[in-house]
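Oh and the sequence shown: position 133 is 135 in my numbering, straight run, nothing missing.
We put the CB at the ideal spot given by N, CA and C, even for glycine.
Predicted model, so just to flag it, every value in this text is computed and none were measured.
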Amino acid sequence: MKNLFLILSFILILTGCSIQKEQQKKDLASEMDSIINYKLNAVEEEHAEKVNQWLADVRETGEVGQYFVYQDGTNKEDLYSYVYRKGYTDYEVSLIYSPSDPNNKGKIHVTGINKDLKNDNFVQIKSINDLSILFILSDESLKSKLKE
Numbered sequence: 003m004k005n006l007f008l009i010l011s012f013i014l015i016l017t018g019c020s021i022q023k024e025q026q027k028k029d030l031a032s033e034m035d036s037i038i039n040y041k042l043n044a045v046e047e048e049h050a051e052k053v054n055q056w057l058a059d060v061r062e063t064g065e066v067g068q069y070f071v072y073q074d075g076t077n078k079e080d081l082y083s084y085v086y087r088k089g090y091t092d093y094e095v096s097l098i099y100s101p102s103d104p105n106n107k108g109k110i111h112v113t114g115i116n117k118d119l120k121n122d123n124f125v126q127i128k129s130i131n132d133l134s135i136l137f138i139l140s141d142e143s144l145k146s147k148l149k150e
């Protein structure tokens, strides 16, 4: 009987720990979502006219592989950045944060991937509106840079 009680207690403790870990993962995802969030081919309703005109202009005048950025920071809390790389259908977006660097809150690394000259897309990036956030537009994905 004593062994049964110990086994049940152990199972309850393990179950409680795994529930806490799942909740921590959800909390972290929610926190990250408030710092940076990105969507392919998404435009906020209030930006639609300007972004669509900007996109039409850069698609017409840009060269393959060239990056273009349109930003709207009229909202004090959020900065909306629209990144387009002519001839690319998908994007790798990464947040780089270094707590040892007191001068900036982070870097947003963007790489256009999946080259397709006939069908290209853009990415909307919503981040905190802070001048210390830097954007890095790169030809090389962050994953491949980290492998080196």
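Own chain residues within Cβ distance below 6 Å of residue i, not counting five before or after
i, result
"Leu133", "none"
"Tyr99", "Gly108"
"Glu94", "Thr113, Ile115, Ser143"
"Lys128", "Asn39, Asp80, Tyr82"
"Tyr69", "Arg87, Leu139"
Proximity of residue i and residue j at Cβ, strictly below 7 Å
i, j, result
"Leu136", "Asn106", "yes"
"Asp92", "Ile115", "yes"
"Gln126", "Tyr84", "yes"
"Tyr86", "Val53", "no"
Distance, residue j Cα to residue i Cα
i, j, result
"Asp122", "Tyr40", "17 Å"
"Gln166", "Lys149", "Lying outside 3 to 150, the shown extent of the chain, residue 166 is not represented and no answer is given."
"Glu46", "Asn77", "12 Å"
"Gly158", "His111", "Residue numbering for the chain in the displayed model covers 3 to 150; residue 158 lies beyond these limits and cannot be assessed."
"Lys120", "Ser96", "26 Å"
"Lys88", "Asn43", "13 Å"
"Ile130", "Ile138", "16 Å"
"Tyr90", "Glu65", "12 Å"
"Val71", "Glu51", "16 Å"
Min CB distance residue i to chain B below 7 Å
i, result
"Val125", "No chain B appears in this structure, which consists of one protein chain only."
Bridge-paired residues (DSSP) for residue i
i, result
"Ile98", "Lys109"
Own chain, CB closer than 7 Å to residue i, minus 5 neighbours either side, in chain order
i, result
"Leu57", "Tyr86, Phe124"
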